[in-house]
Structures are given as C-alpha cells and as structure tokens.
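>
2 protein chains.
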Amino acid sequence: MTVLLGFALTLLVLGFSRGLQPNWVREEPELVAVPSKFGSLWPLPQKVQINPTSFKLSSGSFRISDSKGSSAGPGCVLLQNAYRRYFEYMFGSKKQKVNKSGKSDPSELSELQVWITSADSECDGYPSATSDESYALSVDQPVAVLKAPKVWGALRGLETFSQLVYEDDYGAKSINSSFISDFPRFSHRGVLLDSSRHFLPLKVILANLETMAMNKFNVFHWHIVDDQSFPYMSQTFSQLSQKGAYHPYSHVYTPADVKMVIEFARLRGIRVIPEFDTPGHTQSWGKGQPDLLTPCYSGSQASGTYGPVNPILNTTYDFMKMFFKEISSVFPDAYVHLGGDEVDFTCWKSNPDIQQFMARQGFGQDYTKLESFYIQGLLDIVTATNKGYIVWQEVFDNDVKLKPDTVVHVWMNGGGCDKEMANVTAAGYTAILSAPWYLDYVSYGQDWQNYYKVEPLNFNGTEEQKKLVIGGEACLWGEYVDASNLTPRLWPRACAVAERLWSAKDVTDIGDAFNRLSAHRCRLVERGIPAEPLFSSFCPKEYKGL
Amino acid sequence: MTVLLGFALTLLVLGFSRGLQPNWVREEPELVAVPSKFGSLWPLPQKVQINPTSFKLSSGSFRISDSKGSSAGPGCVLLQNAYRRYFEYMFGSKKQKVNKSGKSDPSELSELQVWITSADSECDGYPSATSDESYALSVDQPVAVLKAPKVWGALRGLETFSQLVYEDDYGAKSINSSFISDFPRFSHRGVLLDSSRHFLPLKVILANLETMAMNKFNVFHWHIVDDQSFPYMSQTFSQLSQKGAYHPYSHVYTPADVKMVIEFARLRGIRVIPEFDTPGHTQSWGKGQPDLLTPCYSGSQASGTYGPVNPILNTTYDFMKMFFKEISSVFPDAYVHLGGDEVDFTCWKSNPDIQQFMARQGFGQDYTKLESFYIQGLLDIVTATNKGYIVWQEVFDNDVKLKPDTVVHVWMNGGGCDKEMANVTAAGYTAILSAPWYLDYVSYGQDWQNYYKVEPLNFNGTEEQKKLVIGGEACLWGEYVDASNLTPRLWPRACAVAERLWSAKDVTDIGDAFNRLSAHRCRLVERGIPAEPLFSSFCPKEYKGL
C-alpha cells in the first residue's frame with residue numbers, strides 16, 4: 001500500500017480537555033483527528049493503494065456507466081438506481097451544467113465503468129447469506145473501472161468509490177489514482193432495530209437502511225414485534241395488529257410498508273431478516289389471538305394475566321403453522337429469526353393444565369424440557385416452510401435438536417461470551433455474535449472504541465470452529481429509542497461494528513480508525529444523516545436538522 | 001386540589017421488561033404511565049385546581065386577547081407574538097374555518113383574556129434576575145382569564161393554559177374548568193449550552209430556547225467560547241473569530257445572530273447570559289490575539305505552546321477592558337458569566353517572567369494568588385461596565401475578593417456539593433447549583449429521575465443562607481453533542497431540572513412525575529422537538545424527522 005498525499009481533509013478535531021470530569025480527573029489530551037493515509041475510507045477495504053496523482057471530477061461530464069462486457073445492462077434497475085444515488089452523494093449541491101463541448105481537462109476523470117463479470121449478475125435477485133460481495137476498483141485514466149462478479153459487489157464498490165472522492169483546496173471534486181480489491185471478512189453483518197418497544201416510522205427505517213449501506217452492512221435484523229406492541233399487519237391474522245399494535249392504523253406496518261422495506265433494502269444489498277420471537281416476549285400477540293398465551297394462575301384461580309405461548313394446545317401449533325406460512329412468503333430471505341430467548345417459567349408453573357402435561361410427558365419439574373418441546377414443534381413448522389432459522393443462544397443452551405444449518409445468535413455477555421462461542425461452534429453450529437455490541441447501552445465518552453476492539457474469533461477453538469462464525473450484529477434495542485433519537489444514537493457507534501465485520505483482522509489501529517471515522521461521520525452528516533460526533537470537532541457542513 | 005376526571009390522555013407506556021440486561025438481572029416491571037390527576041402539566045404549578053366540567057375550544061372562534069384593564073395592549077409585540085405561538089401549539093393542524101355565524105356551543109370556551117395588572121407591563125424590557133413571573137389563571141365560562149403583574153408571568157401562564165388543552169375521545173380540543181395560581185420557587189432556572197466544543201447552528205439554539213420556554217426555564221447560559229473554538233464575532237477584535245473559530249464564516253455568530261438569539265429569548269422571557277471564561281479555557285483566544293496567552297517554557301526555551309491568559313502584562317488588561325466593554329453593550333443582561341474554572345498552573349510555573357513576577361509580588365509558590373490577582377483585575381474591569389458577574393466556584397474557593405452581589409456557580413460534585421453550597425452562602429454570596437445536573441454525562445436508563453430527586457436546599461445552613469440559593473442550571477457540555485444529537489439528549493432530561501427549580505419543594509412524587517412527563521414529552525414531540533422517550537411507549541404523533 002502506498003501513502004496518500006495531498007488528501008484535503010477539511011475536518012479538524014481539537015484534543016483539548018474540558019476537564020469538567022467527575023472527581024476532577026483531568027483527561028489526557030484525547031485523540032486528534034488528522035488525515036489518515038487511507039483518507040476517509042470506512043470500513044477499510046482489504047487491499048488499498050492510493051497514489052499521489054489526482055484527477056478532477058465534473059458533475060457536468062462525469063458518468064457512471066455499464067461496462068461493455070458487463071452482464072448487467074441498462075435494464076438492471078438496481079444498478080441504475082445506485083448510479084443515481086452515488087452521483088447525488090458525490091456531487092450533491094455542486095452540480096455544474098452538462099458539458100456538451102466534448103472538451104475535457106487532461107487531468108479529468110470522466111467515467112466510472114461498472115462491469116459485472118459473472119454471467120448471472122443477480123440484479124433481480126435478493127442478497128443472501130452466500131452472496132458474493134467482492135469487487136475490484138481501479139481509478140485511473142482514461143476511465144475508472146469497477147469489476148464485480150455480482151451486483152452486490154458493485155454496490156460495495158460504488159460506496160468505496162464515493163468515499164475516495166474529496167474536495168480539493170479550491171472546492172473541486174477530486175479523486176486520487178487508486179487500486180482497491182475488497183471483500184468482506186464476515187458474510188453476516190447486521191443491525192438489529194426494535195420496532196416494538198417504540199414504533200419506528202417507515203422514514204426512520206429507510207434512512208437507517210441507507211446508512212447501513214454506507215457502512216457495508218448487509219443484514220437488517222428486524223425485531224418487529226415483542227411484548228410491548230405488534231405493529232406487523234398480518235394478512236392471515238389481522239387481529240394481531242388491530243389489537244396488539246400501539247395504534248391499529250398509525251402504528252402498524254402494512255403489507256405495502258413491509259414490501260417497501262424489503263425492496264429498499266434489496267436495492268442496497270441488504271437482507272431483511274424478521275424476528276418473530278416466541279414463546280416468550282409475546283404479550284402483544286395475546287391481545288389479538290385468544291388462547292395463544294398461557295393463562296397464569298394465582299392458587300386455583302386464573303389470575304387474568306398471561307404468560308408465554310401455551311405449548312400444550314394443538315391450536316397453538318395450528319396458529320403457528322398458518323402464521324409462519326405467511327411470514328415465509330412475505331419475507332424472501334432464506335432465514336427467519338425465531339427468538340427463543342428469556343422464557344419465564346413462573347406462569348407455566350402456576351398453571352394446572354401445564355403441570356398435568358409436564359407429568360404426562362415425564363418432564364418432571366424441568367421446564368426447559370417444556371420450552372424445548374415447544375421450540376421443537378416450532379422448528380418443524382418453520383422447516384416445512386423451507387426456511388432456515390436463527391435462534392437466540394438459549395435455544396442451543398437448552399439442548400433443542402437443531403438442523404445443522406441453524407444459526408445461533410450469541411448475546412449474553414455476563415461471564416464473557418467466548419465460552420458460548422466455543423460451545424456453539426464445537427457443536428458444529430453456525431454462530432453470529434452480538435454480546436459485545438448492545439448499542440442501547442450508552443455511556444459517557446467514546447464507547448465506539450470498545451465495540452471496535454472486539455475480535456469475534458477470540459475464543460478457544462479449532463480453525464473449523466472459527467469458520468462457523470459468520471458474523472455479528474449491532475443491536476439497538478428499543479426501550480429508550482424512537483424516531484426522536486435513534487439515528488444519532490446508532491451512528492457512528494455502529495460504524496465500529498461495521499469495520500470489525502468487514503475489514504481484515506489486523507485492521508486494529510484505533511488512532512487511524514479515529515481519523516477515518518471522524519471524516520466518515522462528517523460524510524454521513526453531509527448526506528443528511530444525523531450521526532453524532534466522536535469528540536470536540538466540526539464538520540464543514542453541519543447537520544441541518546434538529 | 002380536586003381530581004381531574006375524564007382527562008383523555010392517549011399516551012400509554014407499557015411496563016414490560018425486555019430483560020436483556022447485563023448479568024441477566026431481570027428488571028422489575030417499570031413505571032407505567034397512566035393519566036395523572038394533574039394531566040400533562042409540566043412543571044407543576046404551585047396551586048392547581050382542575051374540575052370535571054370541560055369546555056370545547058374551536059380554532060375557528062377561539063381567541064386570545066388583551067383584557068380591557070390590561071396595561072399591555074395590541075402594541076405589545078411580545079404578547080401578540082406569544083398569542084400566535086400558543087394558538088399554533090394548541091390548534092396546529094386542526095384549524096377550522098373562522099366562525100362568523102356568531103353562534104357558539106354552550107359548552108364552548110371562546111376566549112382567553114390576558115390581563116397585565118401592574119402599570120408597567122415590562123413588555124419592551126428584558127427579563128431579569130428579579131422579574132415577576134407569577135400569574136393566576138382561571139378557566140371558566142364565559143371567558144378564561146390570565147392575570148399577571150408583568151408580561152413574564154403572562155408568558156408562563158400561556159404555556160400552562162396550552163398544557164391544559166387536550167383532545168377528547170372524538171378529537172375535539174377541550175379544556176377543563178381550572179384555577180391555577182403560580183410562581184417559580186427559584187428565580188434562576190437555566191440551561192447551559194456550549195457552542196465551542198461544537199459549533200451549534202442558530203437553528204439549534206433557537207429551537208432549544210423554544211423548548212426552554214415550554215419548560216419555564218428563564219436563563220440561557222451561553223458558554224459561547226472555550227479552548228476549542230471562538231465563534232463569537234467581536235466587532236472590536238475581529239481576529240478572535242477570524243482565527244479562533246472553526247471556520248471564519250460558516251462557524252461564527254455574527255452580531256446579527258447574537259441579536260436574534262437575545263430577542264428570540266426575550267420574547268420568551270429568557271435571559272441570555274454569555275460566558276467568556278478566563279484565564280483558563282482560552283486556547284482559541286490566543287489565535288487571534290497575540291500575546292494574550294502565557295508562553296510556556298521547556299527549560300529555558302519557549303516551547304511554542306501557550307497556557308492561560310498572561311496575567312502579568314498590562315496589555316492583557318487593556319484588551320479585557322475593551323473586550324468586556326463590547327460584551328457589556330452587546331448583551332443586555334445585568335450579569336455576565338466570567339468563568340474562572342480549572343486554571344492549570346503548569347505553564348505559568350514554566351515561564352521565567354511569571355516566576356519573577358511572583359517573586360516581586362511576594363506570592364511565593366502559591367499560584368492561586370496569581371490567579372486571584374488576575375481575576376481581581378478582571379472583576380474590577382467588569383464592574384466598571386456596570387455588570388454583575390457570575391463565576392465558577394473556584395473563584396470563591398481561591399478567596400478572590402468578590403462584590404456582595406456576585407453569583408457563585410457550584411459545579412464540582414466530587415465530595416458532594418452540599419459543603420460548597422453551605423460555604424458559599426455562609427460567606428453571604430448568592431449561589432446557583434449545577435453539580436448534580438451535568439447532562440452531558442449519559443447512562444443507560446431513566447437518569448432524569450436522579451436529576452429530579454435533587455433538593456437544592458439540602459445542605460446545612462440557616463434560613464438566611466437558603467435564601468441565597470437563587471436557582472440552578474442544567475449543563476450540556478459540548479464534547480459529545482452537536483446539531484445531530486443535542487436536542488434529544490437535552491430533552492426531556494432537562495425537564496426534570498425545570499420542575500425541580502419551578503415547582504414547590506414537596507412536589508417529589510416520582511410516579512406522578514413520570515406520568516406527567518411522559519405526556520409532556522409527547523407534547524414536545526408534537527410541537528416538532530425531537531425529545532427522546534422515557535421508556536417503552538408511543539406518542540399519538542411520533543416525531544417526523546430523523
């Protein structure tokens with residue numbers, strides 16, 4: 001890799017301490033953002049060479065076009081849409097008149113050709129767990145070329161190209177001669193948003209999908225329903241949202257909304273994995289589906305409150321069959337997240353019918369067996385819909401029989417999650433990691449550094465085991481976030497997770513990360529995303545909203 | 001006080017635990033918002049009586065008008081402006097055609113008359129430390145009457161009136177028969193914003209002044225410059241912002257900007273107290289004012305870095321004289337905040353000229369004496385401009401001779417601030433409290449409750465001493481906030497401080513506070529302010545931005 005010279009980063013971060021700290025601990029001067037040799041690239045590509053030669057870009061004449069040999073032509077809506085999007089990002093308010101003279105400055109770069117190299121571009125498909133996101137980008141005269149086997153890699157490469165563009169000292173859009181070849185370290189790079197504790201308006205979800213794409217995230221884990229509300233409008237069971245949403249009209253996702261989210265995500269190479277968490281976390285389900293939840297007892301009387309899904313009724317499984325049949329057709333992804341976390345046994349224990357059932361089944365007093373009984377039934381149902389499943393770690397911990405392709409989602413951080421990662425992969429299951437990345441936990445200062453320092457493969461295990469770790473997710477649970485504060489709380493903190501999951505294992509220089517991330521967050525702000533600052537600093541163009 | 005019946009609070013907060021807590025500590029079901037008998041009033045007025053009888057309000061016929069006997073007529077721009085503002089808040093998008101038939105529903109309330117009772121309404125003046133903010137509000141037929149000695153009380157009463165208005169089950173704007181008499185417990189109720197660590201666009205400052213008024217705050221403590229940047233455009237010393245701002249044009253407050261902030265605040269009964277903190281926290285000053293700062297030495301050589309303001313040069317005092325002369329005329333408030341906190345002696349100690357000066361003055365090695373020497377000079381300069389001053393507690397701690405009307409700002413929380421409050425008031429000085437209200441320190445969960453539980457007079461001292469505590473300020477220091485996240489981070493957390501400083505001492509019911517604050521925060525959201533949620537919940541109208 002060569003050093004980037006003359007990169008005009010107009011960002012400046014001052015490292016003075018305010019010192020107004022508790023207990024009068026005077027802070028050491030903190031990180032001061034200076035230009036990185038990698039400019040503002042985020043996440044850092046696998047191989048980067050940036051040369052000193054720079055070219056100018058004119059919004060009047062610069063074009064992004066399909067390369068001659070590309071398997072994706074003008075009919076590929078996904079790419080055409082991306083070309084427009086990235087043109088806007090790069091030139092924004094700085095649009096010149098279209099240059100019709102045909103004359104161009106010798107130092108000008110006039111074109112980026114996008115070349116999908118494999119016969120099937122996958123333009124009209126959905127991204128998947130095995131999508132090829134690799135690309136190679138060559139920025140040189142006469143034209144820059146972005147080569148990718150599939151459209152998914154082209155999307156990632158377009159983002160990288162746009163991140164190479166900067167304004168020189170005279171405000172001219174410029175890019176340095178560069179050669180980049182890139183691919184993700186992990187295939188599953190997700191963000192979890194929770195639309196149950198607070199309803200998230202469509203606008204918020206779409207803006208965050210947009211920002212995910214700017215960080216090369218490729219999975220939107222949509223924790224769509226939970227105890228607090230059921231905003232998913234089911235076509236089979238309309239009462240679920242009619243009764244279970246915060247409001248049956250203003251606080252629901254209609255089928256058209258869901259479709260829009262899925263298509264908006266697809267156009268950005270992002271999978272949408274919905275989570276319908278059972279048997280716990282289902283209070284809101286019970287409002288629109290009588291008899292689904294277990295009636296809790298107080299002594300010999302039903303108390304009027306309800307516990308987890310009732311696992312001993314046939315009607316429960318009939319319901320789940322129909323419900324997940326709908327889900328499997330609404331959501332195109334090959335996986336659905338089935339939850340399975342935090343089942344509270346108190347209510348089950350109180351219910352005499354459940355007690356009898358336990359006795360008949362020979363479960364004794366071991367309610368994890370009852371939980372497993374339910375989950376087993378559910379997994380069979382979902383398997384029949386031809387979907388794979390992701391489950392929270394308890395399902396694995398409780399020895400439920402899982403399909404070999406089950407993905408176990410590790411989230412508990414209490415005793416360190418390394419042991420769990422080792423156990424899950426030792427048992428031959430695929431794992432994704434979230435335990436260190438619960439972004440709803442906020443604290444004073446630069447907590448992004450803690451997220452950044454995580455090494456997902458830092459557990460005792462064989463090479464085979466490590467290969468079973470397919471990635472991770474940044475989780476922003478919704479107790480304390482809604483449309484008012486979600487976006488600045490998520491960004492740029494989730495960017496740290498994005499780079500950890502995309503870039504090479506040895507990309508760990510926190511100082512260089514600070515420099516690049518400071519510039520990257522100003523880019524997010526300039527693109528209209530209220531990403532919060534890392535530390536005392538300014539952006540050339542501050543956020544224009546509130 | 002009577003109980004409010006039939007108050008249609010459409011807000012709901014569910015108290016289920018997600019339980020995804022570190023160490024698997026299961027949360028107890030948390031506070032569930034239910035309608036308070038005081039509706040959504042915030043801060044709670046001193047005396048409230050809300051009766052069951054309700055009246056309807058029609059945007060087509062409802063009017064806010066000057067009462068016949070009022071000393072403020074149609075020429076009072078401040079009130080006319082406020083009438084329009086509160087009409088908008090109350091009726092927003094729900095405007096009906098103007099009712100010209102003259103017929104009105106017998107259950108309708110058609111008018112709020114505003115009656116300024118003292119001969120001088122102070123309409124064209126500025127709010128001050130001794131402004132009368134009291135008011136009495138009677139909502140009854142045929143007309144509601146808001147009586148206040150001065151316009152300042154009328155502004156507070158208009159906010160209260162607007163908080164009494166709600167939508168009934170059929171969407172009709174309604175208000176219950178109510179009788180309220182009210183005044184603030186403390187006269188100084190402030191919010192500190194810091195425009196130096198990050199530049200805050202004018203729009204952000206104005207929106208937060210607006211929100212302050214919705215919470216009856218009356219002081220904007222503008223920590224306008226600091227080490228990191230000097231965005232105040234001085235007319236006397238234009239180089240200060242030319243060189244010291246993050247950017248000399250896009251990141252400065254022009255004289256017109258400052259005027260606009262002051263007038264916008266005045267129209268809302270808010271004082272603007274600027275802070276120009278010296279001798280520390282002045283790195284940015286040094287860029288545009290050579291020789292102002294102390295050159296630091298490394299051995300016998302000047303190191304090229306600078307320390308606090310140089311206290312041994314006559315030119316320093318000449319500069320301060322001219323600078324504070326300008327400040328005293330630009331800012332109309334009778335007080336200016338002079339800072340004086342956190343002076344680091346390292347640089348002074350390194351400088352041979354300072355060492356000589358110390359010897360000549362007989363200060364020995366006690367650099368607090370040098371600090372006091374400087375501050376004493378500064379206070380004399382500011383006194384000559386006929387301004388009073390507020391200083392951070394160190395100035396008092398270091399035994400600087402202070403005018404009797406000096407306000408000491410208590411901010412250090414290390415060993416508990418009670419002792420400092422006791423000491424300051426025992427010495428006969430006026431005190432304002434900020435130590436427990438540093439809102440830049442964020443943590444997971446409902447930290448507003450901690451701010452709410454503070455009792456400012458909870459220190460050992462006589463009644464005379466307690467009377468010297470004139471209020472407090474919520475401080476949002478700027479290291480980690482800018483336009484992207486300031487507003488949701490400040491609100492509704494600062495609301496807790498607002499109620500503590502306005503309402504009676506015995507208003508401490510945290511459950512009732514939760515109920516009212518949940519509704520109040522949804523009102524802020526409906527008024528376009530991205531105030532963050534207290535907990536899992538929804539607002540009928542969610543925030544429409546990002």
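Protein sequences, first through last, are from chains L and F.
With UniProt numbering, letter number 406 in the first sequence gets 406, and the count goes up by one each step, no holes.
With UniProt numbering, letter number 254 in the second sequence gets 254, and the count goes up by one each step, no holes.
In this text, a Cβ means the ideal position worked out from N, Cα and C, and glycines have one as well.
None of these values were measured; they are calculated from a predicted model.
1. Run the CB neighbour count on F/Asp509, radius 10 Å, all protein chains shown included, and call it buried at 16 or more, exposed below.
2. Between the Cα of L/Glu69 and the Cα atoms of L/His247, L/Lys216, L/Gln113, L/Lys100, which residue gives the shortest distance?
3. Could you confirm whether any beta carbon from chain L is found closer than 8 Å to the beta carbon of F/His409?
4. I'd like to know if F/Thr236 contacts chain L, where contact means its C-beta is closer than 8 Å to some C-beta of that chain.
5. Check for me: the alpha helix (DSSP H) holding F/Arg271 runs from which residue to which?
6. Quick one: using the 10 Å Cβ neighbour count with 16 as the cut-off for buried, is L/Pro290 buried or exposed?
7. Am I right that F/Met212 and F/Glu159 are in contact with their C-beta atoms under 8 Å? What's the rounded C-beta distance?
8. Skipping 5 residues on each side, what residues in its chain have a beta carbon closer than 7 Å to that of F/Thr305?
9. Could you tell me the distance, in whole angstroms, from the CA atom of L/Asp226 to the CA atom of L/Trp477?
10. Rounded to whole angstroms, what is the Cα-Cα separation between L/Gly545 and F/Ala207?
11. Does the separation of the CB atoms of L/Glu473 and L/Val191 fall below 8 Å?
12. List the whole-angstrom C-beta distance separating F/Tyr438 from F/Cys475, where the pair is believed to meet the contact cut-off of C-beta under 8 Å.
13. At the level of alpha carbons, what is the spacing between L/Asn218 and L/Arg185?
14. Can you check which of these residues, L/Tyr135, L/Ser518, L/Ala496, L/Lys173, is closest to L/Leu155 by C-alpha distance?
15. How many whole angstroms separate the CB atoms of L/Gly484 and F/Tyr543, which I take to be in contact at a CB cut-off of 8 Å?
16. Does chain L have any CB closer than 8 Å to the CB of F/Asn485?
17. Taking the DSSP output, what are the residues bridged to L/His198?
18. CB L/Glu499 to CB L/Pro127, shorter than 8 Å?
19. Output, in chain order, the set of chain F residues within a Cβ distance shorter than 9 Å of L/Phe230.
20. Just the Cα atoms here: how many angstroms apart are L/Phe538 and L/Val525?
21. So, is L/Gly75 buried or exposed, given that buried needs 16 or more other C-beta atoms within 10 angstroms?
22. Are the C-beta of L/Phe7 and some C-beta of chain F separated by less than 8 Å?
23. Verify whether the separation of the beta carbon atoms of F/Phe331 and F/Pro274 is less than 8 Å.
24. Pick out whichever of F/Cys417, F/Leu146, F/Pro308, F/Phe363 has its Cα sitting closest to the Cα of F/Ala431.
25. If you run the structure through DSSP and keep just helix, strand and coil, what is F/Ala119?
26. Between the beta-carbon of F/Ser195 and the beta-carbon of F/Gly244, is there less than 8 Å?
27. Taking 8 Å as the CB-CB cut-off, is F/His337 touching chain L?
28. Compare the Cα-Cα distances from L/Asp447 to each of L/Ala426, L/Lys37, L/Arg489 and report the closest residue.
29. Under 7 Å Cβ-Cβ, which residues of chain F neighbour L/Val525?
30. Could you compute how far the alpha carbon of F/Pro464 sits from the alpha carbon of F/Leu146?
31. Can a CB atom of chain L be found closer than 8 Å to the CB of F/Leu546?
32. Taking only beta-carbon atoms, is F/Pro404 less than 8 Å away from chain L?
33. Give me the Cα-Cα distance between L/Ile381 and L/Val391, rounded to the nearest whole angstrom.
34. With three or more beta-carbon pairs closer than 8 Å as the criterion, would you say the region 306-317 of chain F touches the region 365-376 of chain F?
35. Residues of chain L with a CB under 8 Å from the CB of F/Val442: which are they?
36. So, helix, strand or coil for L/Cys296, using DSSP?
Straight from the coordinates:
1. Residue burial is scored here from C-beta neighbours: F/Asp509 has fewer than 16 other C-beta atoms within 10 angstroms and is therefore classed as exposed.
2. For clarity, residue 69 of chain L is Gly in the given sequence; the question names Glu instead. Comparing Cα positions, the closest option is L/Gln113.
3. no
4. no
5. That residue, F/Arg271, is in no alpha helix (DSSP H); its beta strand (DSSP E) goes 271-275.
6. exposed
7. Not really, about 11 Å apart at Cβ, beyond 8 Å.
8. Cys296
9. 11 Å
10. 10 Å
11. Yes.
12. 5 Å
13. For L/Asn218 and L/Arg185, the distance between alpha carbons rounds to 13 Å.
14. For L/Leu155, the closest alpha carbon among the candidates L/Tyr135, L/Ser518, L/Ala496, L/Lys173 is that of L/Tyr135.
15. What sits at residue 484 of chain L in the sequence shown is Ser, not Gly. With a Cβ gap of about 4 Å, L/Ser484 and F/Tyr543 count as contacting.
16. yes
17. Beta-bridge pairing links L/His198 to no other residue.
18. no
19. Neighbours of L/Phe230 on chain F: none; closest Cβ ~12 Å, over 9 Å.
20. Using only the alpha carbons, I get a separation of about 11 Å.
21. exposed
22. At L/Phe7 the pLDDT is 35, less than 50, meaning the model places this residue with poor confidence; the figure from the coordinates comes in the next sentence. Judged by the 8 Å Cβ criterion, L/Phe7 is not in contact with chain F.
23. yes
24. F/Cys417
25. coil
26. no
27. no
28. L/Arg489
29. Ser484
30. At residue 464 of chain F the sequence reads Glu, which differs from the Pro that was named. Pairing F/Glu464 with F/Leu146, the inter-Cα distance amounts to about 33 Å.
31. yes
32. no
33. 14 Å
34. yes
35. Val442, Ser443, Tyr444
36. strand
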